[in-house]
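Colleague: Residue numbers (our numbering), protein chains in the order written: chain A, -4 to 110; chain B, 42 to 626; chain C, 8 to 256; chain D, 78 to 193. This is the structure I have questions about; it appears just below.
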Amino acid sequence: MLTLRLYMLQRITALLMAPLVLGHLAVMIYAIQGGVSAAEILGRTQGSLAWFLFYGTFVIAVSVHGAIGLRTVAHEWGGLKGPVLEGFMWGFGLILLILGGRAVWAVTFATGVNA
Amino acid sequence: MRVSDIERHDTDILILGTGGAGLFAALHAGQTAPEGTKITIAVKGLIGKCGCTRMVQGGYNVALGGGDTVERHFMDTINGGKWLPDQDMAWRLCEQAVVRIRELENEVGCFFDRNPDGSLHQKAFAGQTADRTVHKGDLTGIEIINRLMEKVLASGVEKLQEHRAVGLIPTKDGSALAGVLMIDMRTGKFRLVRAKTVLMGTGGGPTMYKYHTPSGDKTMDGLAMALRAGLKLRDMEMVQFHPTGLLAGDHTRMTGTVLEEGLRGAGGQLISHAGQRFMFDFDPKGERATRDVVSRGIYAEMRKNNNPDQEGVFISMSHLGPDFVRQKFKGMVNRCADSGFDLATGKVEVVPTAHYFMGGVVVDVDTRTAMEGLYVAGEDAGGAHGSNRLGGNGVANSTVYGGIAGDTMGRDVVGMTLRDPDETVLAAELERAIYPLTQKPDLVLPLRKQLQDLMWEEVGVMRTGAGMKRGLAGIAQVSVALMDVGVDNSNLAFNLTWHDWLNLRSLCDISEVITKAGIARENSRGAHFREDFPDAGAMEDSDFTVAQMSGENVQVTREPVQFTIVRPGETVLPEDAPETLVAVP
Amino acid sequence: MPTDPPFDHLKVTIDRGPDANGAQTEFEVPAYDNQTVLDVVSWIQQNADPTLSYRFACRVGMCGSCAMMVGGVPRWTCRTHISKVLDGNAVTIGPLRNLPVIKDLAVDMDPFFDKWVAAEGVHHGALTRDDPIAPINETAPARVEANAGIECINCSVCYAACDTVSGNPDYLGPAALQRAWTLLNDAKDDGRVAILDAISGTGGCHNCHSMGSCTIYCPNDLDPMSAIAGLKRETAKSFFNTSFFKKDR
Amino acid sequence: MSKPSITSRAHPLWLAYVLHRLSGIGLALFLPLHFLLLGQALHGAAAMDAGLQFSEMFVFKLAEFGLVFLLAVHLFGGLRLMAMEWVPWTPPQKTLAALATATSFAVACLFFMKAI
Ligand SMILES: Cc1cc2nc3c(=O)[nH]c(=O)nc-3n(C[C@H](O)[C@H](O)[C@H](O)COP(=O)(O)OP(=O)(O)OC[C@H]3O[C@@H](n4cnc5c(N)ncnc54)[C@H](O)[C@@H]3O)c2cc1C
Ligand code: HEM
Ligand code: SF4
Ligand code: F3S
Ligand code: FES
């Protein structure tokens, strides 16, 4: 099911995510020392272009990566094929992208935060 | 099951068997036949995965210069065959082997072991006067057949796998072949395949001996069919024994399989039940003597022994150092270990084992037979080896003549038309094949064992007239008894027991021919050794046996060898040519 | 010398395949000291159940016809000593996984070979029988790499061991891909473009998850997993040059 | 009569594959929830705090821990895989690499467990 192109996309996004994940985990570990609060998290990320790019890249990568990954699993373990399989991949990728994008937006530039 | 139940199928070129002969024929027929010619392969097993060419270990004989010449290869072949070979066939074998090895490397894609300078590595089997044997480690056959198999699979020939040929069906007037009756083993249904030309490359296979090396699918079907079709078979007494077959008891298929020649070459010792080396009693070269001599030495030693628990002799390698043995003979050490023996440090029981069949259908140098439309190549064809086959000439023979058969059929097929089968013969062959299904089921195996014991005892490594007569009577008994053994007919799909029965039928038929030919030859040549006639006889008066059906009986006659190229005592080598180019170890 | 087994019979359970609706049959088989799995199966057919179907040819590990699932694991049966696979004195034998069953223990190996050919597992060359044989340095790294996989007997054990094959019917499988890698490294082979093309498609090498069952179970100690990794590397290299913008890559 | 189960074919590389796959699926299922939670920020810090409050609950803690754990497993598994695919290891190197991965993985796990 995996062609060279999907394979490369999956690997490239994986490589991209590896440092991002490590970074994210490090921040989280640091952050949760002594409990998490919204203000704490948001205080750090609000208005930061850097964090926007950091998490934005992450979300794009994970959407692509996860969608391709689930596609494989859905084919091998779920028996999905053809258009259903393609639809599944795109659907899942889009959901991740939308939810992820919304989350990134929320923690960086969304104005509702201060309301 | 009636004749009307037989499915009819047509093709242009039909090939039986996928050893070196069958696969090469398929490739070459595809190259020479006109565009659009339909080629069909029918085989008892899976394409390329059955037969003995795949099992070739040592390698492929071909004179490639460095002092070696086609002439020298030819002389070794004639001398090895004790002047019985058909010289034109032997010559063509040696000459074409040179072309075929280039074809294997360049067109088929085989890779054979190299020297440090990049050229092909060659070694010498016993009986050769030059380093001539090309090889891929000690798994040469796998490389040759895998590459051929790929080519043939990719070529788009029609595949009839697990189709067993059971009868050659001639035309009404008997002059030509119309088609071949087969059992589709997977369904148990019959199929008549008509073809303009048919190659029989079913590879003989002396598996009627208690100890034998060939692949399990080889049971002399081809020769039995040819005999019934009235063709002449030559040199049928010539059964080659390999001296060192593994002896692991009669409840394992491992018994009889080859422990390679190289073990003795490297210094392996043969030890009698009394713990003594004995080969020097038979030959100054000891364990390094030729196959026939060592086989007879072991056989004689076994007869002296009356310990019922130990039938064979031992091969012992441990004095060479277990690590050396493990490293140099990894494959053999592993194979012994798989059946519970330790070749590197212990000793392994061995016994001579029936290996190759020199006899076969009488053919011309283009593989044509006396029956129009039928061609025979490989181990099924007689003549090229005479009384003994040199190690390395077997696979050369099947690939060279398989290719020639393909070329010949590809050309002959032009202008030929499909022929109508003789329906009475067809009905008789069908009858014959379904006979066991009409009898009360019983075990086939005990009869096969009985035949194997008999052939080993009476028509084996050493023979006598009286013994072979006993053998003949015994074979007749097994033959008769077999007709009372039926096969469960509840499901004919992949019914191996039915095929065991048919296998034994072929083996009985050919065992009789071997024995009759053995009785007819009252001298000792090559593989055929008569204790009551130990002399070889005058080479100038050499003749070969020819067996043929005459009415219900097998008749054996003798025909003089035609020395078309070289006469005994002469040579085609230049006068000053050295006796051997092989460095003495 | 092998020692006698500590029991006098084996309890052998055989999966009878689709004809028998997946039923199993149990047999008592006399135990011997030198006995392979193939011998056990043969004993049953020759003495107890004449209708039992299975396949073998060479009986010495050269033809690759005799592979079956033995105790849930794919193995060549002619070279597997029974003591290796017994659980107490019992063993279960079934048809090779991932291939259509013809009857009982005999499977149809055509899909395996069709994929072998589809992976361009066949020599591509311009030389003919009239040309001299190419001199080749056997110690050159590419040749060493090619030789590593050359002794494959196409037994399909790796194919049966691989879960990717079971989940993905298009996947070419370890043996065919290993053959492609061998050819890619063969100086005599001119099929580079065709091979890379064949192994980069939907059923290609990129489906392999490196689960390594092929390498673990190959009876000849070959390493298809590493061969496939080789293909992935080779295709990854060529990826940026050409393929990305072509359709269906 | 029981047929031999799939685990009869289990071995370390196979287990690594299964683990990698399961962790991947786990991540794929959990991540949307994680994003939803963060998305709460759109409705203000309070709403998000409510969510985070929720995250004090045991189940949620477990899930958070699960996410981090899965991420760690999957990350190292993925790096291991890409190393195996793209670096032409010799067999002894492979063993070393596997050992190194295992060790770093164990260390990482310990570290995360402590952190949580
Ligand atoms: C263990 C071993 C080692 C050997 N080593 C060497 C060596 O080192 N060098 C050497 O030169 N020679 C060697 N030989 C001999 C060599 O293998 C043979 O000479 C040669 O391979 C015969 O080729 P073939 O094509 O005639 O027959 P095979 O390769 O035996 O092929 C016969 C084919 O016919 C099929 N067949 C049989 N009956 C039927 C039927 N009724 N219907 C349809 N198909 C049928 C078989 O299934 C098989 O496909 C060795 C032989 C053995 C057994
Ligand atoms: C942290 C960095 C990550 C790396 C290095 C990584 C690496 C990989 C790799 C190499 C594969 C291919 C596995 C194979 O072909 O067998 C893969 C598969 C997969 N990944 Fe990731 N991944 C990462 C993060 C993620 C994340 C965050 C998700 C969540 C969506 C995810 C979901 C998946 C899935 C579902 C698969 C398919 C599993 C399979 O094919 O067995 N990965 N990952
Ligand atoms: S790679 Fe090994 S297991 Fe796979 S087909 Fe070849 S020999 Fe059999
Ligand atoms: S078992 Fe299958 S997934 Fe790859 S490493 Fe071997 S081909
Ligand atoms: S029978 Fe040939 S490999 Fe087992």
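Just so you know, even glycine gets a beta-carbon here, dropped at the ideal spot from N, CA and C.
For the alpha helix (DSSP H) that contains residue 132 of chain B, what are its first and last residues?
Modeller: Taking the first residue of the second sequence as 1, we reach residue 132 of chain B at position 91. That run of the alpha helix (DSSP H) goes 128 to 144.
Colleague: Once the 5 residues before and after residue 251 of chain C are set aside, which same chain residues still bring their CB inside 8 Å of it?
Modeller: Translated into positions along the third sequence, residue 251 of chain C becomes position 244. Annotation note: pLDDT 48 at residue 251 of chain C (below 50); position unreliable, no value reported.
Colleague: With residue 538 of chain B as the anchor, note down where its alpha helix (DSSP H) starts and where it stops.
Modeller: Working through the second sequence from its first residue, we reach residue 538 of chain B at position 497. Here the alpha helix (DSSP H) through residue 538 of chain B covers 537 to 561.
Colleague: On the criterion of 16 or more Cβ atoms from any shown chain inside 10 Å, does residue 98 of chain A qualify as buried, or is it exposed?
Modeller: Reading the first sequence from its first residue, position 103 is the one you call residue 98 of chain A. Residue 98 of chain A is buried by the Cβ-count criterion.
Colleague: Below 8 Å between beta carbons: does that hold for residue 170 of chain C and residue 218 of chain C?
Modeller: The residue you call residue 170 of chain C lines up with position 163 of the third sequence. The residue you call residue 218 of chain C lines up with position 211 of the third sequence. Yes, the Cβ-Cβ distance between residue 170 of chain C and residue 218 of chain C is below 8 Å.
Colleague: Nearest-angstrom Cα distance between residue 77 of chain A and residue 22 of chain A?
Modeller: Here the question's residue 77 of chain A lines up with position 82 in the first sequence. Here the question's residue 22 of chain A lines up with position 27 in the first sequence. Each residue's Cα considered, the two are about 41 Å apart.
Colleague: Quick one: grab the DSSP three-state call for residue 83 of chain C.
Modeller: Sequence index remark: in the third sequence, residue 83 of chain C carries index 76 (1-based). Residue state, collapsed to three classes: strand.
Colleague: Express the C-alpha separation of residue 432 of chain B and residue 172 of chain B in angstroms, rounding to a whole number.
Modeller: Sequence index remark: in the second sequence, residue 172 of chain B carries index 131 (1-based). Sequence index remark: in the second sequence, residue 432 of chain B carries index 391 (1-based). For residue 172 of chain B and residue 432 of chain B, the distance between alpha carbons rounds to 12 Å.
Colleague: Where the beta carbon is closer than 6 Å to any heavy atom of ligand 4, which residues qualify, in chain order?
Modeller: Chain-ordered list of matching residues: C:168, C:169, C:171, C:181, C:215, C:216, C:217, C:218, C:219, C:220, C:221, C:231, C:232 and C:235.
Colleague: Check whether the Cβ of residue 295 of chain B lies closer than 8 Å to any Cβ atom in chain C.
Modeller: In the second sequence, residue 295 of chain B corresponds to position 254, counting from 1. Interface residue, yes.
Colleague: Suppose you measure from the CA of residue 112 of chain B to the CA of residue 135 of chain B; what does that come to, to the nearest Å?
Modeller: Here the question's residue 112 of chain B lines up with position 71 in the second sequence. Here the question's residue 135 of chain B lines up with position 94 in the second sequence. Near 8 Å, if we compare the C-alpha coordinates of residue 135 of chain B and residue 112 of chain B.
Colleague: Ligand 5 heavy atoms versus the CB of residue 66 of chain C: any closer than 7 Å?
Modeller: Mapped onto the third sequence, residue 66 of chain C falls at position 59. Within the cutoff, so yes.
Colleague: Give every residue of the same chain whose Cβ lies closer than 6 Å to the Cβ of residue 477 of chain B, excluding the five residues on either side of it in the sequence, and list them in chain order.
Modeller: Within the second sequence, numbered from 1, the residue matching residue 477 of chain B stands at position 436. Counting only Cβ-Cβ distances below 6 Å, and skipping sequence neighbours, we find 527, 528 and 542.
Colleague: Counting Cβ pairs closer than 8 Å, one from the segment 375 to 389 of chain B and one from the segment 191 to 211 of chain B, do we hit at least three?
Modeller: Counting Cβ pairs under 8 Å, fewer than three are found: no touch.
Colleague: Could you tell me whether the Cβ of residue 88 of chain D comes closer than 8 Å to any Cβ of chain A?
Modeller: Working through the fourth sequence from its first residue, we reach residue 88 of chain D at position 11. Cβ-Cβ to chain A under 8 Å: no for residue 88 of chain D.
Colleague: Check for me: the beta strand (DSSP E) holding residue 76 of chain C runs from which residue to which?
Modeller: Looking up residue 76 of chain C in the third sequence gives position 69. That run of the beta strand (DSSP E) goes 74 to 77.
Colleague: Can you name the residues of chain D whose CB is closer than 9 Å to the CB of residue 82 of chain A?
Modeller: On the first sequence, position 87 is the one that residue 82 of chain A refers to. Correct list: empty, because the minimum Cβ distance to chain D is about 16 Å.
Colleague: Nearest by alpha-carbon distance to residue 184 of chain B: which of C:144, C:158, C:146 and C:143 is it?
Modeller: The residue you call residue 184 of chain B lines up with position 143 of the second sequence. Measuring from the Cα of residue 184 of chain B, the nearest candidate turns out to be C:158.
Colleague: Would the beta-carbon of residue 71 of chain C be found less than 7 Å away from any heavy atom of ligand 5?
Modeller: Sequence index remark: in the third sequence, residue 71 of chain C carries index 64 (1-based). It does: the Cβ of residue 71 of chain C is within 7 Å (strictly closer) of some heavy atom of ligand 5.
Colleague: Is it right to say residue 455 of chain B is buried, meaning 16 or more other beta carbons lie within 10 angstroms of its own, or is it exposed?
Modeller: By 1-based counting over the second sequence, the position of residue 455 of chain B is 414. Result: exposed.
Colleague: What would DSSP say about residue 453 of chain B, mapped onto helix, strand or coil?
Modeller: Taking the first residue of the second sequence as position 1, residue 453 of chain B is located at position 412. Residue state, collapsed to three classes: helix.
Colleague: Based on DSSP bridge pairs, tell me the residues matched to residue 138 of chain C.
Modeller: Position 131 of the third sequence, counting from 1, holds the residue named residue 138 of chain C. The partner list for residue 138 of chain C (beta bridge, DSSP) is empty, contrary to what the question assumes.
Colleague: DSSP on residue 591 of chain B, reduced to helix/strand/coil?
Modeller: The residue you call residue 591 of chain B lines up with position 550 of the second sequence. Looking at residue 591 of chain B - three-state DSSP - the assignment turns out to be strand.
Colleague: Report buried or exposed for residue 16 of chain C, applying the criterion of at least 16 other Cβ atoms within 10 angstroms of its Cβ.
Modeller: Along the third sequence, read from residue 1 onward, the residue named residue 16 of chain C stands at position 9. By the 10 Å Cβ count, residue 16 of chain C comes out exposed.
Colleague: Is residue 143 of chain D close to ligand 2? I mean its beta-carbon at under 7 Å from any heavy atom of the ligand.
Modeller: Start at 1 with the first residue of the fourth sequence, and residue 143 of chain D comes out as number 66. No - ligand 2 has no heavy atom lying nearer than 7 Å to the Cβ of residue 143 of chain D.
Colleague: Among the residues of its own chain, which have a CB less than 7 Å from the CB of residue 163 of chain D, if the five just before and after it don't count?
Modeller: Position 86 of the fourth sequence, counted from the first residue, corresponds to residue 163 of chain D. Contacts found: none.
Colleague: For the segment 428 to 446 of chain B and the segment 58 to 67 of chain B, state whether three or more C-beta atom pairs, one from each stretch, are separated by less than 8 Å.
Modeller: Counting Cβ pairs under 8 Å, three or more are found: they touch.
Colleague: Suppose you measure from the CA of residue 146 of chain B to the CA of residue 82 of chain C; what does that come to, to the nearest Å?
Modeller: Taking the second sequence and counting its residues from 1, one reaches residue 146 of chain B at position 105. Taking the third sequence and counting its residues from 1, one reaches residue 82 of chain C at position 75. Taking the straight line joining both Cα atoms gives about 32 Å.
Colleague: Report the rounded CA-to-CA distance for residue 628 of chain B versus residue 73 of chain B, giving the unit in angstroms.
Modeller: A query on residue 628 of chain B cannot be resolved here, the shown segment of chain B reaching from 42 to 626 and no further.
Colleague: Quick one: is the Cβ of residue 88 of chain D within less than 7 Å of any heavy atom of ligand 2?
Modeller: Position 11 of the fourth sequence, counting from 1, holds the residue named residue 88 of chain D. No - ligand 2 has no heavy atom lying nearer than 7 Å to the Cβ of residue 88 of chain D.
Colleague: Run down chain C in chain order and give the residues with a C-beta less than 7 Å from the C-beta of residue 87 of chain B.
Modeller: As a working note, residue 87 of chain B is residue 46 in the second sequence. 72 and 116, listed in chain order.
Colleague: Residue 25 of chain A: buried (16+ other C-beta within 10 angstroms of its C-beta) or exposed?
Modeller: For the purposes of this step, residue 25 of chain A is identified with residue 30 of the first sequence, where counting begins at 1. Per the 10 Å Cβ criterion, exposed.
Colleague: Excluding sequence positions up to five away, which residues of its chain have a Cβ less than 7 Å from the Cβ of residue 108 of chain A?
Modeller: Start at 1 with the first residue of the first sequence, and residue 108 of chain A comes out as number 113. Note that residue 108 of chain A scores 43 on pLDDT, short of 50, meaning its location in the model is unreliable; the coordinates nonetheless yield the value given after this. Excluding residues within five positions, the ones whose Cβ falls inside 7 Å are 37 and 41.
Colleague: Counting only Cβ pairs nearer than 7 Å, list the residues of chain B close to residue 88 of chain C.
Modeller: Counting from one through the third sequence, the residue named residue 88 of chain C turns up at place 81. Going along chain B in sequence order, the residues near residue 88 of chain C (Cβ under 7 Å) are 379, 380 and 381.
Colleague: With DSSP as the reference, label residue 256 of chain C as helix, strand or coil.
Modeller: In the third sequence, residue 256 of chain C corresponds to position 249, counting from 1. For residue 256 of chain C, the predicted structure reports a pLDDT of 40, less than 50, and the residue's modelled location is therefore unreliable. A value from the coordinates is still provided. In this structure, residue 256 of chain C counts as coil in the three-state DSSP scheme.
Colleague: Among the residues of its own chain, which have a CB less than 8 Å from the CB of residue 254 of chain C, if the five just before and after it don't count?
Modeller: On the third sequence, residue 254 of chain C is found 247 positions in, with the first residue counted as 1. Unreliable placement is indicated for residue 254 of chain C, whose pLDDT of 45 sits below 50; the coordinate value is still reported in the next sentence. No residues qualify anywhere along the chain.
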